[in-house]
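Enquirer: Each protein sequence line maps, in turn, to chains H and Y. Residue numbers for the first sequence, in numbering that gives the first Met the number 0: 0 to 194. Residue numbers for the second sequence, in numbering that gives the first Met the number 0: 0 to 194.
Number of protein chains: 2
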Amino acid sequence: MTDQMKNNTTQVDTNDLTVNGVNMEILQETVHAIEQDPDLGQCKFRARNTWQGGTQNRSTISGFYAARQEIAHKQQFELHADEPPILAGHDEGANPVEHLLNALAACVTTSMVAHAAVQGIRIEELESELEGDLDLNGFLGLSTDVPKGFSNIRIKFRVKADADQMETLKQLTAYSPVLNTITQGANVDVQVAAK
Amino acid sequence: MTDQMKNNTTQVDTNDLTVNGVNMEILQETVHAIEQDPDLGQCKFRARNTWQGGTQNRSTISGFYAARQEIAHKQQFELHADEPPILAGHDEGANPVEHLLNALAACVTTSMVAHAAVQGIRIEELESELEGDLDLNGFLGLSTDVPKGFSNIRIKFRVKADADQMETLKQLTAYSPVLNTITQGANVDVQVAAK
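Right, dumping it as structure tokens:
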């Protein structure tokens with residue numbers, strides 16, 4: 000991919016540093032810096048969450064670690080979760096598995112757009128619909144045979160771009176970190192301490 | 000778990016139908032209905048996403064399928080994603096992997112609180128900190144040996160509850176659908192069509 004990135008960036012007009020709304024100068028600087036010093040690619044992303052009672056809780060996201068430094072977001076982000084009434088909540092926020100679908104949609108979209116920009120593929124419009132299958136028999140502990148998480152998730156993208164590029168754009172989705180976390184799995188270490 | 004649920008609910012004062020802020024009547028009705036008719040547990044959760052240009056996109060979440068019917072949320076939820084400047088964005092929203100950490104925090108919290116309620120464990124306060132390790136060498140395609148998603152995620156809960164219950168509360172986190180989707184993996188089918 001590195002050589003491909005280098006070759007394809009020659010397709011981008013050097014007078015136009017933005018492709019698909021992505022600043023190619025920043026992106027290329029990041030790529031080149033990490034090529035020279037792979038350890039610069041190590042990031043730590045973070046969230047804090049506070050339970051609000053019942054099925055409601057709130058996350059705050061304020062900073063992360065990247066390029067060997069702690070970096071503050073320009074603003075703190077707050078995200079609310081709840082459950083709908085049928086799942087014993089008050090519908091004050093998307094529920095956790097809907098938040099997961101949002102994370103997946105956002106990540107696959109950004110991954111496709113950024114890698115397309117590097118390859119000189121211009122995208123005019125991009126939208127997606129996601130649907131995931133979840134069987135509550137798993138979560139409720141009514142069956143040990145049923146997965147507790149999503150079994151299948153479907154993403155349908157509709158893209159306004161050169162029609163010949165659809166297969167390439169589909170392949171680029173494979174770079175998405177959230178997609179890979181879901182399909183390849185990640186280790187999750189849980190600690191619970193008394194307050 | 001079913002028998003355990005039935006036994007433990009006897010610990011809950013029948014005059015107080017809310018435990019940990021969770022309406023036990025609704026929760027128990029759901030459990031009993033799905034026990035009688037397991038197919039009622041099949042759910043489909045959904046999100047729509049629209050690219051806003053560059054690293055920005057927006058999801059809308061408006062309804063889902065559960066208990067053999069389409070159900071509209073009381074309100075439509077909008078979630079924004081962006082990247083920080085160092086990742087070629089404008090910091091107008093949490094980034095996709097931060098949204099994933101929020102989904103995980105929200106789900107493990109709700110799962111712990113609801114299952115604790117069923118077991119008669121009262122929780123007064125609950126908060127968590129999450130951190131996930133991501134190596135950009137994977138996403139950027141600079142190394143095929145590096146995972147493109149999170150390799151490790153750590154969740155540290157601090158709980159105000161009976162100190163003897165910490166190990167039980169930790170075990171209850173294993174019911175979380177988002178945790179299971181991440182640790183056990185899910186199939187993700189991606190389609191890309193011209194618009």
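Heads up, the beta-carbon is just placed ideally off N, CA and C, and yes, glycines get one too.
#1: Would you please state the rounded distance, in angstroms, between the beta carbons of Y/Val-117 and Y/Ser-175? I believe it to be under 8 Å.
#2: Using a 10 Å radius around the Cβ and a threshold of 16 neighbouring Cβ atoms, would you call H/Asp-188 buried or exposed?
#3: Answer with yes or no whether the minimum CB distance from H/Asp-12 to chain Y is below 9 Å.
#4: Got a sec? Which residues, its chain only, sit under 8 Å from H/His-72 by beta carbon, not counting five neighbours each side?
#5: In angstroms with no decimal places, state the Cα-to-Cα distance between H/Glu-97 and H/Asp-81.
#6: Specify, as a first and last residue, the run of the beta strand (DSSP E) that Y/Gly-52 falls within.
#7: What's the C-alpha gap between Y/His-79 and Y/Gln-68?
#8: What is the DSSP secondary structure of H/Val-112, counted as helix, strand or coil?
#9: Compute the distance between the beta-carbons of H/Gly-184 and Y/Asp-134, then report whether it is under 9 Å.
#10: Excluding the 5 residues preceding and the 5 following Y/Gln-164 in the sequence, name in chain order all residues of the same chain whose CB lies nearer than 7 Å to its CB.
#11: Please report the distance separating the alpha-carbon of Y/Thr-172 from that of Y/Leu-99.
#12: By the criterion of Cβ-Cβ separation under 8 Å, what are the contact partners of Y/Leu-16 in chain H?
#13: Is there at least one Cβ from chain H nearer than 9 Å to Y/Glu-69's Cβ?
#14: Between which two residues does the beta strand (DSSP E) carrying H/Thr-59 extend?
#15: Quick one: any contact between the segment 147-162 of chain Y and the segment 122-134 of chain Y, if contact means 3 or more CB pairs under 8 Å?
#16: Run through chain Y and tell me which residues come within less than 7 Å of H/Arg-121, C-beta to C-beta.
#17: Just reading off the beta strand (DSSP E) that H/His-72 is part of, what are its end residues?
Expert: According to the structure data:
#1: Incorrect: roughly 14 Å between the Cβ atoms, too far for contact.
#2: Burial call: exposed.
#3: Because H/Asp-12 carries a pLDDT of 46, less than 50, the predicted location of this residue cannot be relied on, and the following value inherits that uncertainty. Judged by the 9 Å Cβ criterion, H/Asp-12 is not in contact with chain Y.
#4: Excluding positions up to five away in sequence, the list reads Ile-60, Ser-61, Gly-62, Phe-63.
#5: Rounded to whole angstroms, H/Glu-97 to H/Asp-81 spans 10 Å at the Cα level.
#6: 41-52
#7: Straight-line Cα distance between these residues: approximately 28 Å.
#8: It is helical.
#9: no
#10: Ile-120
#11: 17 Å
#12: The premise fails here: Y/Leu-16 is roughly 11 Å from chain H at the closest Cβ pair, so nothing lies under 8 Å.
#13: no
#14: 55-65
#15: yes
#16: Neighbours of H/Arg-121 on chain Y: none; closest Cβ ~12 Å, over 7 Å.
#17: 68-80
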